[in-house]
């Protein structure tokens, strides 16, 4: 049968043979892409993060994704610098981690990112002095207490969004990065938001989305600065091929079951904070940007499609939204 097929193919015009070859190459390329996707998403092991350094710094580690990261980093054998605003919660998390992973050394630093950030960063610098902090998880962030229109964002909320999401993340990175540059190795992970990248705009969370977008843009510039400084940075398609390098990556959480998202139960489309952190750990050092769950991809597609239709409808007089004091 194979011989018959080849004989028939040889009798075809040249253009048919060329199209057949192109089609076969296209199918092969798609098949290899699927195999690669299965490997990197489900089979590829995570990096040995201790090669970056024996300490990791996590901001906002007392709840949600930050807490999940703290436990996962301890499970991987890293010592922790935990930075949060509530000393009681910091103690509770520290005790819980040490009861589960007894060899983990933990330093707790009390910093209110909505308060005096300069004083807080000074505390962080003092806490990490002499430590080889190889992993930084920039998790601290605030959002709206509820959805509201742009003109309804009060001065206090506006100030907190900028101080915590922009100034706080930037200054913590500035405090930790010099040590990584000196040792020529390290990994920095910024927790972003789907509100800043998945959809063209997030009308009822406009300022929050803007602050998260600033984090993404500033990280791109930081990557360039690190390359200029002479460090090897390898950014793959979707972040280090060698441990002696500094890597910046940003995660794009969509819906995660956290207090900030006001979602209590996890599901296929909405992972738990522990599940998200566990999956994210495999991508540190392997990718610059990453959606971690099939459910996240599904949400991405839905939100991208819906946003375009809503924006188009809202731009017409008949479909414009009312601008009352209450959005719902």
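Residue numbers (the working numbering): 100 to 427. Glycine is no exception: its CB is placed at the ideal position from the N, C-alpha and C atoms.
Please classify residue i: does DSSP put it in a helix, a strand, or coil?
| i | result |
| --- | --- |
| residue 261 | helix |
| residue 267 | helix |
| residue 274 | helix |
| residue 286 | strand |
| residue 433 | Here the chain covers residues 100 to 427 and nothing more, so residue 433 does not appear. |
| residue 135 | helix |
| residue 179 | strand |
| residue 157 | strand |
Can you give me the Cβ contacts of residue i inside the same chain, cut-off strictly under 6 Å, excluding the 5 residues immediately before and after it?
| i | result |
| --- | --- |
| residue 230 | 154 |
| residue 235 | 156, 275 and 287 |
| residue 381 | 145 |
| residue 206 | 180 and 226 |
| residue 152 | 231, 232 and 233 |
| residue 252 | 306 |
| residue 129 | none |
For residue i, is the classification buried or exposed, using 16 other Cβ atoms within 10 angstroms of its Cβ as the cut-off for buried?
| i | result |
| --- | --- |
| residue 132 | exposed |
| residue 112 | exposed |
| residue 165 | buried |
| residue 116 | exposed |
| residue 105 | exposed |
| residue 425 | Only weak support is given to the placement of residue 425: the predicted model assigns it a pLDDT of 31, under 50, and the value that follows is read from those uncertain coordinates. Result: exposed. |
| residue 278 | buried |
| residue 333 | Interpretation of residue 333 is limited by its pLDDT of 32, a score under 50 that renders its predicted location unreliable; the figure taken from the coordinates is listed afterwards. By the neighbour-count rule (16 or more Cβ atoms within 10 Å), residue 333 is not buried but exposed. |
| residue 120 | exposed |
| residue 138 | exposed |
| residue 284 | buried |
| residue 134 | exposed |
| residue 108 | exposed |
| residue 189 | buried |
| residue 272 | buried |
Going by Cα to Cα distance, which pick from the options is closest to residue i?
| i | options | result |
| --- | --- | --- |
| residue 244 | 186, 238 and 255 | 255 |
| residue 379 | 210, 148 and 152 | 148 |
| residue 371 | 139, 123 and 167 | 167 |
| residue 222 | 184, 199, 383 and 170 | 184 |
| residue 192 | 284, 171 and 212 | 171 |
| residue 373 | 120, 162, 128 and 123 | 162 |
| residue 217 | 176, 142, 270 and 186 | 270 |
| residue 203 | 188, 248, 174 and 264 | 174 |
| residue 265 | 313, 252, 304 and 150 | 313 |
| residue 292 | 304, 283, 284 and 282 | 304 |
| residue 186 | 141, 209, 109 and 200 | 209 |
| residue 248 | 122, 199 and 302 | 302 |
| residue 377 | 129, 141 and 228 | 141 |
Just checking: is the beta-carbon of residue i within a distance shorter than 8 Å of some beta-carbon in chain C?
| i | result |
| --- | --- |
| residue 207 | Annotation note: the requested chain C is absent from the structure, which comprises a single protein chain. |
Beta-carbon within less than 7 Å of residue i's beta-carbon, same chain only, minus the 5 sequence neighbours each way: which residues are those?
| i | result |
| --- | --- |
| residue 125 | none |
| residue 260 | 241, 306, 307 and 310 |
| residue 169 | 157, 160, 179, 181, 192 and 196 |
| residue 176 | 149 |
| residue 213 | 259, 262 and 263 |
| residue 268 | 237, 239, 289 and 314 |
Output needed for residue i: all residues of its chain with C-beta closer than 8 Å, excluding positions within five of it in sequence on either side, in chain order.
| i | result |
| --- | --- |
| residue 211 | 184 and 219 |
| residue 103 | none |
| residue 281 | none |
| residue 257 | 306 |
Confirm the yes/no value for this check: CB of residue i, any heavy atom of the ligand GTP, distance under 7 Å.
| i | result |
| --- | --- |
| residue 290 | This structure lacks the ligand GTP, and indeed carries no ligand of any kind. |
What are the start and end residues of each continuous alpha helix (DSSP H) run of 4 or more residues lying completely inside the region 191-245, in chain order?
216-227
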